[in-house]
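Have a look at the structure below, then the notes.
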Amino acid sequence: MKASPNAQLQLLELARLDAQRARLEHTAKNLPEQHHLLQLKDERSTRRAELVRLTGVVEDSEAELRRQQSDVELVEQRLKRDEARLAASTSVTDVQGLEREIATLKKRRSDLEDIELELMARLERERAELTDAREQRNAVEQQADELTELRDRAVEHLQQEAKTNALARREVLKQLPQDVIELYESCRGRGGVGAAELVGAVTMATGVTLDHADLTRIAAAPADDIVMCPDSGAILVRTERSARS
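Residue numbers (the working numbering): 1 to 245.
Structure, rendered in structure tokens:
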């Protein structure tokens, strides 16, 4: 197949753009920010679940404390009622009965108040744990938000580079014959490299030094002949840097 030396140089530019595009795609798939976000995923779930659990614990304890306070209030009301009845009673039997009931209610009130104090102390500890859990959750979420913002910026930058790359590639393709493009794409599909420069005796497709027989054959080919790299199967482009024999 024939192609002008200038067209063959355009193949090197096309190969450079394709290599750049491959690097952009690889970078997009391996952004460190996205990797860190994936690492944070389990921790975020754990922190959220712990916050939900502790919120439930505190709510249960608050409800229990309210019930306890309600019980204390009921006992207080009964005490006030019985003390008022005692003050107004003239019956010895009624007085004795009221005194026993008042003593029982005071003991009950004391017991309930002890339980209330224990609940208040426990609730204070649980609220502190909840506050700590919320702060830890917020710290993780803030870190995730910052990583997401950095990732999105990186993606936006890569997308812009990809657009520039695609535009440049279309311009190069306009300068190449269709049969040359098809050969290039076929080579690229087989080995990953469509075209490479011959620098000295080294094919840049693989970094291998060609033997003398291959170099002699390639040097003898007319300048508009498309020659193939014997090592990789890519189009081998001869330039001023190539060995002549």
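Note that CB positions come from ideal geometry on N, CA and C, so glycine has one too. Keep in mind that this is a model prediction, so the values were computed, not measured.
| Check | Outcome |
| --- | --- |
| For my contact list, I226 and M1 are in at a C-beta cut-off of 8 Å; report their separation, rounded to the angstrom. | 5 Å |
| If you draw a straight line from the alpha carbon of A15 to that of D224, how long is it in whole angstroms? | 19 Å |
| Taking the alpha helix (DSSP H) that R241 falls in, what are its first and last residues? | Segment I235 to S242 is the beta strand (DSSP E) holding R241; no alpha helix (DSSP H) there. |
| Kindly confirm or deny that the stretch 164-176 and the stretch 9-29 touch, where touching means at least three C-beta pairs closer than 8 Å. | yes |
| Could you tell me the alpha carbon to alpha carbon distance between E124 and Q143, rounded to whole angstroms? | 29 Å |
| Apart from the five residues on each side of it in sequence, which residues of its chain come closer than 7 Å, Cβ to Cβ, to V140? | L40, E43, R44 and R47 |
| By a C-beta neighbour count over all protein chains shown, 10 Å radius and 16 as the cutoff for buried, is V237 buried or exposed? | buried |
| What does the Cβ neighbour count give for M204, buried or exposed, with the cut at 16 atoms within 10 Å? | buried |
| Scan the stretch 193-230 and note each continuous alpha helix (DSSP H) run of 4 residues or more that stays entirely inside, going in chain order. | 212-220 |
| Under 9 Å between C-beta atoms, does A15 make it to chain D? | The structure shown contains no chain D; it holds only a single protein chain. |
| Leaving out the 5 sequence neighbours to the left and right, which residues in its chain are closer than 8 Å to E64 when beta-carbon positions are compared? | L119 |
| Let me make sure I understand the geometry here. Which of A196, G56 and A213 has the alpha-carbon closest to that of R127? | G56 |
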